[in-house]
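Sequential numbering of the sequence shown, starting at 42, is according to this note's numbering. Positions of the beta carbon are idealized from the N, C-alpha and C atoms, including for glycine.
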Amino acid sequence: MILIVIEDSVIPVFEKDLKIEEVEFGYSDEIFMYEFASPWIGLNQKNFKKYNEAGGNEKNRILERVMTGNILSMAKHLDCWLSQDQKIK
Numbered sequence: 042m043i044l045i046v047i048e049d050s051v052i053p054v055f056e057k058d059l060k061i062e063e064v065e066f067g068y069s070d071e072i073f074m075y076e077f078a079s080p081w082i083g084l085n086q087k088n089f090k091k092y093n094e095a096g097g098n099e100k101n102r103i104l105e106r107v108m109t110g111n112i113l114s115m116a117k118h119l120d121c122w123l124s125q126d127q128k129i130k
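Here it is, written out as structure tokens:
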């Protein structure tokens with residue numbers, strides 16, 4: 042069994058489902074809504090500490106910033122760059 046360990050928390054991974062697909066990636070004028078097929082572990086140890094110390098609204102802002110960073114990092118590795126007038130919401 043695979044275990045993910047974050048500080049004193051141990052999260053067992055009971056299953057994994059990997060898929061490889063070719064899909065278009067890039068900017069669109071459309072707004073897309075996504076949902077995670079599995080839990081998102083977006084916080085590193087530093088962000089996790091800040092998250093635990095934050096209030097409700099600040100917790101959401103922390104998660105939004107981390108998700109935006111994740112998307113920008115993925116876009117960079119896919120050689121897709123946003124212009125200044127393009128935004129991730």
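Take the alpha-carbon of residue 79 and the one of residue 114: they are about 20 Å apart. The beta-bridge partner set that DSSP reports for residue 119 is empty. Restricting attention to 43, 58 and 103, the CA atom closest to the CA of residue 51 is found in 43. The beta carbons of residue 129 and residue 109 sit about 5 Å from each other, so the pair counts as a contact at 8 Å.
9 Å or more divides the Cβ of residue 68 from the Cβ of residue 119. Residue ranges of uninterrupted alpha helix (DSSP H) with 4 or more members, entirely inside the stretch 80-105 and ordered along the chain, are 86-94. Taken in chain order, the whole beta strand (DSSP E) runs of length 3 or more contained in the stretch 43-81 are 43-47 and 50-54.
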